[in-house]
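J.:
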Amino acid sequence: MSKTQFTTNIVHADRKLNPDSGAVHYPVVNSVLFGYENPQDLVDIFQGKQAGHAYARQSTPTTDALQSMVNDMENGVGCLVFASGMSAITTTFFTLLNAGDHIIASQFLFGNTPSVLGTLKRFGVEVTQVDVTNAQLVQSAIQPNTKMVFTETIANPVTQIADLDGIGQLCQQHNLVYIVDNTMTPSYLFKAKEVGASLITTSLTKYVGGHGTVTAGAVIDTGNYDWTNFDNILDSFRQQPAHAQALTQIKKKGLRDLGGCLSSDSAHLIALGAETMSLRLERACDNAMQLAQYLNDHDKIAKVYYPGLESHPQHLDAKKYFKTFGAIISFDPIAGIDPVKLLTELNLVISATHLGDNRTLALPVAQTIFYEMGLENRQKAGISENMIRMSVGIEDIGDLLSDFEQALMSC
Ligand SMILES: *Cc1c(COP(=O)(O)O)cnc(C)c1O
Numbered sequence: 010m011s012k013t014q015f016t017t018n019i020v021h022a023d024r025k026l027n028p029d030s031g032a033v034h035y036p037v038v039n040s041v042l043f044g045y046e047n048p049q050d051l052v053d054i055f056q057g058k059q060a061g062h063a064y065a066r067q068s069t070p071t072t073d074a075l076q077s078m079v080n081d082m083e084n085g086v087g088c089l090v091f092a093s094g095m096s097a098i099t100t101t102f103f104t105l106l107n108a109g110d111h112i113i114a115s116q117f118l119f120g121n122t123p124s125v126l127g128t129l130k131r132f133g134v135e136v137t138q139v140d141v142t143n144a145q146l147v148q149s150a151i152q153p154n155t156k157m158v159f160t161e162t163i164a165n166p167v168t169q170i171a172d173l174d175g176i177g178q179l180c181q182q183h184n185l186v187y188i189v190d191n192t193m194t195p196s197y198l199f200k201a202k203e204v205g206a207s208l209i210t211t212s213l214t215k216y217v218g219g220h221g222t223v224t225a226g227a228v229i230d231t232g233n234y235d236w237t238n239f240d241n242i243l244d245s246f247r248q249q250p251a252h253a254q255a256l257t258q259i260k261k262k263g264l265r266d267l268g269g270c271l272s273s274d275s276a277h278l279i280a281l282g283a284e285t286m287s288l289r290l291e292r293a294c295d296n297a298m299q300l301a302q303y304l305n306d307h308d309k310i311a312k313v314y315y316p317g318l319e320s321h322p323q324h325l326d327a328k329k330y331f332k333t334f335g336a337i338i339s340f341d342p343i344a345g346i347d348p349v350k351l352l353t354e355l356n357l358v359i360s361a362t363h364l365g366d367n368r369t370l371a372l373p374v375a376q377t378i379f380y381e382m383g384l385e386n387r388q389k390a391g392i393s394e395n396m397i398r399m400s401v402g403i404e405d406i407g408d409l410l411s412d413f414e415q416a417l418m419s420c
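Position 173 of the sequence shown, counted from 1, bears residue number 182 in the numbering used here, the numbering being contiguous throughout.
(1) Tell me the rounded alpha-carbon separation between residue 205 and residue 347.
(2) Please work out which residues of its chain come closer than 6 Å, Cβ to Cβ, to residue 312, disregarding the five sequence neighbours upstream and downstream, and give them in chain order.
(3) Consult DSSP for residue 43 and reduce its assignment to one of helix, strand or coil.
(4) Could you work out which residue in 37, 228, 403 is closest to residue 88 when comparing CA atoms only?
(5) Can the beta-carbon of residue 161 be found less than 8 Å from the beta-carbon of residue 93?
(6) Would residue 367 and residue 277 qualify as a contact pair, given that the criterion is a beta-carbon distance under 8 Å?
(7) Note down, in chain order, each residue of its chain lying with its Cβ closer than 7 Å to the Cβ of residue 301, except the 5 sequence neighbours on either side.
(8) Near residue 355, what residues of its chain come up, given a Cβ to Cβ distance below 6 Å and the 5 sequence neighbours on each side ignored?
(9) Under the criterion of a Cβ to heavy atom distance below 7 Å, does residue 337 qualify as lining ligand 1?
(10) Specify, as a first and last residue, the run of the alpha helix (DSSP H) that residue 17 falls within.
(11) For residue 215, which of helix, strand or coil comes out of DSSP?
(12) For a test of your reading of the model: does the CB of residue 399 fall under 7 Å from any non-hydrogen atom of ligand 1? Yes or no.
(13) Quick one: what's got a C-beta closer than 8 Å to residue 98's C-beta in the same chain, skipping five residues either side?
(14) If we ignore side chains and look at the alpha-carbon of each, how far apart do residue 39 and residue 351 end up?
(15) Using DSSP with H/G/I as helix, E/B as strand and the rest coil, what is residue 123?
(16) Tell me whether the beta-carbon of residue 108 lies closer than 8 Å to the beta-carbon of residue 133.
(17) Tell me the rounded alpha-carbon separation between residue 144 and residue 50.
(18) Look up residue 413 in the DSSP assignment and give the residues it is bridged to.
(19) State the DSSP-derived secondary structure class of residue 248, mapped to helix, strand or coil.
(20) So, do the segment 397-405 and the segment 368-376 have three or more beta carbon pairs nearer to each other than 8 Å?
(21) Going by DSSP in three states, residue 360 sits in which element: helix, strand or coil?
(22) Pick from 334, 263, 234, 196: whose alpha carbon is nearest that of residue 421?
(23) When DSSP builds the beta bridges, which residues end up paired with residue 398?
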């Protein structure tokens with residue numbers, strides 16, 4: 010059979026792992042422990058000489074099946090799944106960084122990631138956050154102890170776009186691990202491997218799962234980075250092939266220490282969602298483009314932040330990197346319109362945190378997800394006090410437009 014493409018690969022992935030039973034879905038194996046007729050097999054699995062399962066904190070056949078699917082989506086050399094996107098990020102940092110190391114991170118990050126960076130500081134890791142829309146600013150932050158650069162693709166809520174290629178080249182020149190959080194632009198829209206990412210972290214809770222029923226995360230090794238050059242791999246994992254050293258350490262040490270393992274039931278739900286990811290994303294991104302244009306033209310809206318609009322400061326970058334412009338729109342109603350009042354008037358759009366769902370969700374940013382950071386930091390991040398962030402879903406566009414039409418009329 011000739012090489013098949015993205016969605017074909019996903020919907021046939023499980024079946025290929027199940028040739029004996031013919032099941033088109035990988036079975037949900039809800040066993041925590043795995044027993045062996047021959048004790049030597051268990052010994053070999055523990056010693057990494059043989060593939061297999063020992064205990065569900067590190068793997069089950071069902072999480073392995075999901076890993077293989079997600080790995081294929083990103084064209085990686087290995088993947089690990091976790092109980093949430095935050096678990097994937099935290100486990101990666103804590104496993105690969107030591108006290109005294111330095112990490113450069115985007116200053117425009119999903120709100121919980123700076124919390125992890127704060128924790129890293131408490132454990133002696135230096136952190137510098139910079140404006141990643143310009144790779145030169147990343148370059149200026151490099152120190153002799155810099156180990157890693159971490160960025161998202163499209164930031165939330167202001168939709169800044171990182172200089173993904175520029176940072177990739179910089180990391181290659183300086184032998185830095187380049188981690189891209191690809192949650193906002195899943196593999197169907199963007200291949201982080203092609204801009205030089207070493208590791209991709211992603212929240213499967215969002216577009217990959219898509220249905221808002223389960224949390225999960227993943228780390229994918231793209232094979233771009235040669236881990237034999239990385240000081241922080243422990244001796245016991247050096248015996249692995251170069252491309253497998255980091256993921257083995259994250260699995261054997263990180264998942265053990267932090268325990269953020271994904272259950273088989275959850276892995277199955279994510280795999281079901283993944284089957285329709287490309288269809289959902291095309292619909293949601295198309296809806297987002299139309300809504301962004303509608304809001305941009307509306308006289309009760311002062312400003313719209315959406316990479317698909319030509320007025321967006323990194324519109325051309327977005328066009329270069331991503332298949333479409335994503336499904337997150339932020340906007341500021343004009344002065345005098347209370348964002349909470351506007352959300353109250355919307356009937357279809359759900360006031361909820363979360364993004365990447367089938368349903369359109371919105372929230373007042375300054376009053377909710379960025380409330381804790383305070384006014385001064387919000388201003389630094391370019392977040393206005395009446396900003397609304399919206400994650401556009403797959404509803405019929407006419408219904409979404411009518412909902413905004415009637416809501417804005419009442420404000
Ligand atoms: C939601 C999100 C995460 C965290 O994922 P969870 O599955 O909610 O823990 C990480 N990064 C980005 C960009 C996100 O949007």
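We put the CB at the ideal spot given by N, CA and C, even for glycine. A quick note: this is a predicted structure, and the numbers were derived from the prediction, not measured.
T.: Based on what the coordinates show:
(1) Numbered from its first residue, the sequence shown carries residue 205 at position 196. Numbered from its first residue, the sequence shown carries residue 347 at position 338. Rounded to whole angstroms, the gap between the alpha carbons of residue 205 and residue 347 is 43 Å.
(2) For the purposes of this step, residue 312 is taken as the residue at position 303 of the sequence shown. So the list reads 341, once near-sequence residues are dropped.
(3) Counting from one through the sequence shown, the residue named residue 43 turns up at place 34. DSSP places residue 43 in coil when its eight states are reduced to three.
(4) Along the sequence shown, read from residue 1 onward, the residue named residue 88 stands at position 79. The residue with the shortest Cα to Cα distance from residue 88 is 228.
(5) Your numbering for residue 161 matches position 152 in the sequence shown. Your numbering for residue 93 matches position 84 in the sequence shown. No, the Cβ-Cβ distance between residue 161 and residue 93 is not below 8 Å.
(6) Residue numbering aside, residue 367 sits at position 358 when the sequence shown is read from its first letter. Residue numbering aside, residue 277 sits at position 268 when the sequence shown is read from its first letter. No. Outside cutoff.
(7) Locating residue 301 in the sequence shown gives position 292, counting from the first residue. If we look at residue 301 and ignore the five residues flanking it on each side, its Cβ neighbours are 313, 315, 317, 318, 338.
(8) One-based indexing of the sequence shown puts residue 355 at position 346. Counting only Cβ-Cβ distances below 6 Å, and skipping sequence neighbours, we find 412, 416.
(9) By one-based count along the sequence shown, residue 337 stands at place 328. Checking the Cβ of residue 337 against ligand 1 gives no.
(10) Looking up residue 17 in the sequence shown gives position 8. Looking at the DSSP string, the run of the alpha helix (DSSP H) that includes residue 17 is 15-26.
(11) Residue numbering aside, residue 215 sits at position 206 when the sequence shown is read from its first letter. Here residue 215 sits in coil by DSSP.
(12) Working through the sequence shown from its first residue, we reach residue 399 at position 390. For ligand 1, not one heavy atom lies less than 7 Å from the Cβ of residue 399.
(13) Numbered from its first residue, the sequence shown carries residue 98 at position 89. Hits under 8 Å: 122, 125, 190, 210, 226.
(14) Within the sequence shown, the letter at position 30 stands for residue 39. Within the sequence shown, the letter at position 342 stands for residue 351. Cα-Cα distance, rounded: 45 Å.
(15) Residue 123 sits at position 114 when you count from the first residue of the sequence shown. DSSP places residue 123 in helix when its eight states are reduced to three.
(16) Position 99 of the sequence shown, counting from 1, holds the residue named residue 108. Position 124 of the sequence shown, counting from 1, holds the residue named residue 133. In contact: residue 108 and residue 133 (Cβ atoms closer than 8 Å).
(17) What you label residue 144 is simply residue 135 of the sequence shown in a count that begins at 1. What you label residue 50 is simply residue 41 of the sequence shown in a count that begins at 1. Looking at the two C-alpha atoms, the distance is approximately 49 Å.
(18) Translated into positions along the sequence shown, residue 413 becomes position 404. Bridge pairing for residue 413: absent [DSSP].
(19) What you label residue 248 is simply residue 239 of the sequence shown in a count that begins at 1. The three-state secondary structure of residue 248, taken from DSSP, is coil.
(20) They touch, by the three-pair rule.
(21) Reading the sequence shown from its first residue, position 351 is the one you call residue 360. Strand, per DSSP.
(22) Here the chain covers residues 10 to 420 and nothing more, so residue 421 does not appear.
(23) Position 389 of the sequence shown, counted from the first residue, corresponds to residue 398. Answer is 339, 372.
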